[in-house]
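Remarks on the structure that follows.
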Amino acid sequence: MRRPIAILAAGTLVAAVLTPTSAQARPGPEDGGTPGTAAAKSKPGIASRAPSGPNPFLAMLPDPSKADYLGWRNWLAAKGDQRADLRAKQRAALAAPLLADEEEPAGIRNGNDTPATAQRITGFGTGAKENFQLRILGTLSPEEVDAEEIAPTPEDDGAIPLAGETGVGDTRKAVTTTAEIGDGPHGSAGDGTGDFDFYEVTGVAGESVTIDIDTPTDDLDSIVALYNSEGEMVALNDDTADGYDSLLVHEFTEDGSYYAAVVGWPSLPVDPFDSGSGLGVGTEGPYQVTIHTGEQDVDFYAVRLRPGDVLGASVQDAATKVKIFDPDRREVHGSDQDASSLYPASSPLPGGGNGVTEHVADKAGWHYVGISAGDGNYDVTVEAYRPGLEGERPRQTIFLDFDGERINTGIFGGPGVRTLSPFRAFLGRWGLSADDEDAVIDAIIAEVTENLRSDMVASGLNQRFDLRIRNSRDHADPFGEANVSRVIIGGSIAESGIDTIGIAESIDPGNFGTEDSALVLLDVLSDPAGDAPSLNTYLTDASDRIAFVGQAVGNVTAHEAGHFLGNWHVDQFNEQANVMDQGGNFPVMFGVGPDGVGGTADDVDVDFGEDEFNPNEGFTGIEDTLSRIAFTVTK
């Protein structure tokens, strides 16, 4: 089954289903992010507005396949640069960081290319006699290959079956050629559906391919995408530093034929097997493409951390990707993007680079920072901090507000001050009465408490874990006091002006901002049966309605709190159910069991734990959504 891909339609990116799919079909690439709804694109030196719709990194969307991940990544990068500039001014008076030069000589590979052979750095850490700041200077030296110049592929080459044969990965290591977007039968001079150029390469698991686009004019704003033989997009790159060229470096996980597509922003094919499947012309113009499978250089550095240490890293200059591996040498966060603007203003973690990553250590020992995807000199900022609340009083409180609230939704990207209806206003839409209100609130509180407190204590990871949960029915509203965050459970899309089910104010690894807000809106969750996000779709005469509404709304509430306690989204379509699953696979999020009915004996207890990062959002590795909270909510 092919998966849905986001595409362009008359200047607007929309979701397109290539073949009939279930609600559980994955809507994006394995390591990049897919364009979705319309967005203004960030360009160097040019201010632009945020993409339309809620930020998908922070929101539980009814249909995440419609989100403009590419636009949001560009927007976040621009905001990350602004944050980094401000942070640099604020930190100018701090002591100098520890400086480390790469020991592997330039032009050499395999000296420090794995965690096992990582260059160890001492004197860095959060201990009393250690420097919490580290600057690493090094060089990436990928294999130099001579690219054989080949003739341009004749048109029409706008689909996988029509792709130009390069021989790369089979009979050649590298080729280069020139071509033009717009000269095919589907460009602006043709039927206007959009011109695409496809190139076939052979992939070998464990090896990498580099696709480098150079545009001699500013007419073409290139995007390069990589598809497998099933038509699934496995990688995507929009911009390099100049904002018009593209550079994609991808490591193959499976042998097979792959297809590099060069397109003009923001046009993408609906169906990579059909050259006429575009929905509009994007930018057009000439380009040169170089494709090679030369050996990449990866540099690893080892630093010692303590449990609870919050590690952040940002890489600049020639390198574009940074990864963190734990003491078991598992990748726990890889990034070729900068989403640091999603941190709260109080977070000290670094950002502003080509790739920005972070990790909350759950065990003591050597951790590994890997630098890759580039050619030349790089500059890495690495910093480590103790959790934001360690040693502070009062403890972290999460307030569950069921009473409705007047709130400035601008903190979520909304239109401003809005009044949200209370939780009780939605009871009748689930077939419940006013007499059931207390029981349902009890069930929600119990679910949130289990997810955010009981499971953390039971894990035994952090004996100093300390989190208090309060609610508007039983307690005075403490929001506004020190270390109190809240989740407002009530209101609708129309009232809030935000087209989502839930949304958090920030993602806060280390819990440095302790007074955040989040929303759980209830209109979509209480719509008539039929749509996947509605709880009514899973309610029958066999259901314990109170238990199921409490379970489902409690999971969504814990999910939003999980963001401002430091968690990103994880993959909602794999076999592992997780509270931080992105929206789009709602039976799993709600805990519906194999019988397909909510509120029955086979319902599933959805918890925090280890899972793969959500592929749409561009991160790689395994995120432990439980330990990230357990170690950063601490006394």
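First residue of the sequence shown? That's 5 in this note's numbering, and the numbers climb one at a time after it. Virtual Cβ for every residue (Gly too), placed ideally from N, Cα, C.
Separation of residue j from residue i, as counted between CA atoms
i	j	result
Val574	Asn589	12 Å
Asp609	Phe594	9 Å
Ile448	Asp117	48 Å
Val583	Leu569	13 Å
Phe128	Arg308	7 Å
Gly506	Thr413	12 Å
Ile215	Ile112	22 Å
Glu153	Glu288	23 Å
Gly375	Ala323	Checking the sequence, you will find Ile at residue 375 rather than Gly. About 7 Å.
Asp628	Ala462	15 Å
Glu234	Val172	19 Å
Ala42	Ala120	A caution first: Ala42 carries a pLDDT of 28, below 50, which makes its placement in the model too unreliable to give a value.
Ala239	Glu147	22 Å
Asn232	Ser261	6 Å
Leu138	Gly84	20 Å
Gln94	Ala343	20 Å
Ser500	Pro165	47 Å
Asn578	Asn540	24 Å
Leu90	Pro352	12 Å
Contacts around residue i, its chain only, beta-carbon distance under 7 Å, and the 5 residues preceding and following it disregarded
i	result
Ala546	Val601 and Thr604
Ala54	Trp79 and Gly417
Phe623	His337, Gly338, Ser339, Trp572 and Phe617
Arg457	Leu471 and Ile473
Arg477	Phe406 and Ile445
Asp366	Pro311, Leu465, Asp628, Ser631 and Phe635
Asp174	Thr206
Val208	Gly173, Phe256 and Asp259
Proximity winner among the options, relative to residue i (alpha-carbon distances)
i	options	result
Asn515	Gly312, Thr287 and Glu159	Gly312
Ile295	Gly168, Arg474 and Gly495	Gly168
Gly434	Thr544, Arg334 and Asp405	Correcting the residue identity first, residue 434 is Trp in this sequence and not Gly. Residue Thr544 is the option with its Cα nearest to Trp434.
Pro101	Val384, Phe329, Val179 and Ala110	Val384
Phe61	Gly625, Asp512 and Pro109	Asp512
Thr221	Asp201, Thr257, Gly207 and Ala183	Ala183
Ala71	Thr638, Thr297, Gly587 and Ser631	Gly587
Asp332	His371, Val360 and Asn578	His371
Ala429	Ala388, His363, Leu529 and Glu387	Leu529
His190	Pro276, Gly597, Gly284 and Ser510	Gly284
His563	Ile493, Ile415 and Ala81	Ile493
Arg468	Val326, Pro270 and Lys639	Lys639
Gln320	Val314, Pro354, Arg334 and Asp67	Pro354
Ala317	Gln341, Gly558 and Gln300	Gln341
Ala151	Glu159, Ala163 and Arg176	Arg176
Gly395	Asn487, Val386, Glu335 and Glu451	Asn487
Glu451	Asp548, Leu98, Val560 and Gly298	Val560
Arg397	Leu431, Glu441 and Glu485	Glu485
Val626	Thr361, Asp223 and Thr130	Sequence inspection shows Ile at residue 626; the Val mentioned does not correspond to that position. Checking every option, the nearest Cα to that of Ile626 belongs to Thr361.
His254	Ser521, Val314 and Gly378	Gly378
Three-way DSSP call (helix, strand, coil) for residue i in this model
i	result
Thr636	helix
Glu499	helix
Arg660	Since the first and last residues shown for the chain are 5 and 639, residue 660 lies out of range.
Gln400	strand
Thr121	helix
Glu451	helix
Ile411	strand
Glu441	helix
Ala81	helix
Arg422	strand
Lys70	helix
His563	helix
Leu456	helix
Ala178	strand
Gln86	helix
Own chain, CB closer than 8 Å to residue i, minus 5 neighbours either side, in chain order
i	result
Ile217	Ser226, Val228, Asp249, Ser250, Leu251, Val266, Tyr291, Gln292 and Val293
Ala110	Thr143 and Ser145
Gly194	Gly188
Trp269	Lys45, Asp225, Ser226, Ile227, Asp242, Gly286 and Thr287
Beta-carbon contacts of residue i that lie in its chain and below 6 Å, excluding the five residues immediately before and after
i	result
Val444	Ile550, Val553 and Gly554
Gly392	Gly514, Asn515 and Phe516
Asp201	Asp161, Ala183 and Val266
Thr423	Arg410
Asp301	Arg113, Leu144, Ser145 and Pro146
Arg348	Residue identity check: residue 348 is Pro in the sequence provided, not Arg. The residues are Ser510, Asp512 and Gly517.
Thr157	Gly168
_I'd like the ranges of any beta strand (DSSP E) spanning at least 3 consecutive residues and lying wholly in the segment 223–303._
Assignment of beta strand (DSSP E) within the segment 223–303, counting only whole runs of 3 or more residues, yields 226–232, 237–241, 250–255, 260–268 and 289–296 in chain order.
*Could you tell me which uninterrupted beta strand (DSSP E) segments, each at least 3 residues in length, are contained entirely in the segment 536–561, listed from first to last along the chain?*
List check, beta strand (DSSP E) in window: nothing returned.
*Runs of beta strand (DSSP E) wholly within the segment 472–532 (minimum 3 residues, chain order)*: The beta strand (DSSP E) runs of length 3 or more contained entirely in the segment 472–532 are, from start to end of the chain, 488–493, 506–508 and 521–524.
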